[in-house]
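Report on one structure; see the data block that follows.
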Amino acid sequence: MRDCAFAKCVWLATPIGIPPSPPYVLSMLDWIQSWTSHLNPSNFALGLMVLWAIWGARNNRLWNDCTDSPDVIAARGLSWWQELQRVAPAHFWGFSKHFSRE
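Okay, structure coming up:
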């Protein structure tokens, strides 16, 4: 989800672009955890929504032979993030204390 050329196109279609990946980061978990020092809580949540959209699009391609464009996938993640903003303001998320900057 970070090294695939198609996924990179999805990331580039989002407001946050491709979240940075320090050279020492090897696993997805480490990559996502590294976002806490580069993204504010709102953009972190957007990153998670984009990951979820990429994962869902990959499964849709694999199991249903249906391919969405990177722009459609990015828009889906952004839509989910906007819905999250609407129903659960950031101060209710409970993970702000894990971020080095806001």
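All letters in the sequence shown, in the order written, are residues 1 to 102 by full-length UniProt numbering. All C-beta atoms, glycine included, are put in the ideal place defined by N, C-alpha and C.
Range of the contiguous alpha helix (DSSP H) that encloses residue i
| i | result |
| --- | --- |
| L39 | Unbroken run through L39: none, as it is neither H nor E. |
| A88 | Looking at the DSSP string, A88 is not in any alpha helix (DSSP H), and its letter there is neither H nor E. |
| residue 124 | This structure cannot speak to residue 124, because the chain is shown only from 1 to 102. |
| A5 | 5-12 |
8 Å contact criterion, which residue i and residue j should meet: CB distance rounded
| i | j | result |
| --- | --- | --- |
| W81 | M49 | 4 Å |
Residue i burial status per 10 Å Cβ neighbour count (16 or more: buried)
| i | result |
| --- | --- |
| A5 | exposed |
| A53 | buried |
| G47 | buried |
| A57 | buried |
| L26 | exposed |
| R76 | buried |
| P19 | buried |
Contact with chain C by residue i, beta-carbon distance below 9 Å
| i | result |
| --- | --- |
| W52 | No chain C is present in this structure, which holds just one protein chain. |
Closer than 8 Å is the cut-off here; do at least three beta carbon pairs connect the region 57-68 with the region 17-35? no
Mind the definition here: the region 70-78 touches the region 1-15 only if three or more C-beta pairs lie below 8 Å; say whether that holds. yes
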